[in-house]
Amino acid sequence: MEFKASDISDRSEEITRDYFRLLDKHIADVITGRVSDFMEINQIAGELCLSHQHLTDTIKKQTGNHPCHYYDLKIIEQAKIMLSETDKSVSEIARILTYDPSNFSKFFKKFVGQTAGQFRKNK
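Counting along the sequence shown from 1, when you hit position 20 you're at 20 in UniProt numbering, and nothing is skipped either side.
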């Protein structure tokens, strides 16, 4: 069997799509309580039948950023939705997202530039 460069590119795109699809499903599972903790990147790689290094290299090559970057952004995206569309407290949202409330505040501010409480007030 002969491989072409396009086969490798197609596989890299497939891995990237599968990674984002799995992230969306996994984050939804955490939010709904079907899963109690977020997986580590090496666990996600295992779910995709890849090594941690291969997943990391592929995502970085395809997107320019580490897989953790997108994982964090998707968690922030969900936090913003919950802050905007629910009346759950910031602490409750932090716990749903498996964060200690004080760590969540730092995490949120790092990505958004304001605290979760400020974000909610400005919405």
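For each residue, glycine too, the CB sits at the ideal point set by N, CA and C.
Here the structure is a predicted model, which means the values were calculated and not measured.
Item to complete: Given a cut-off of 8 Å, decide if I93 and L50 are closer than it, judged by their beta-carbon atoms.
Response: No.
Worksheet item: Helix, strand or coil for C68 per DSSP?
Response: Looking at C68 - three-state DSSP - the assignment turns out to be helix.
Worksheet item: Leaving out five residues before and five after M39 in sequence, what residues of the same chain have Cβ atoms less than 7 Å from its Cβ?
Response: If we look at M39 and ignore the five residues flanking it on each side, its Cβ neighbours are H26.
Item to complete: For E47, collect the residues of the same chain with a Cβ closer than 7 Å to its Cβ; drop the 5 residues on either side in sequence, then sort them by chain order.
Response: Cβ neighbours of E47 beyond the five flanking positions: L22.
Discussion item. Does I75 pass the burial test, meaning 16 or more other C-beta atoms within 10 Å, or should it be called exposed?
Written reply: I75 should be labelled buried.
Discussion item. Measuring straight from C-alpha to C-alpha, what distance separates I31 and C68?
Written reply: Between I31 and C68, the alpha-carbon positions lie close to 18 Å from each other.
Worksheet entry | CA-to-CA distance, I41 to F3, given in whole angstroms | Any answer about F3 is weak, because its pLDDT of 45 lies below 50 and its placement is not dependable; what the coordinates show is given next. Approximately 29 Å, taken between the alpha carbons.
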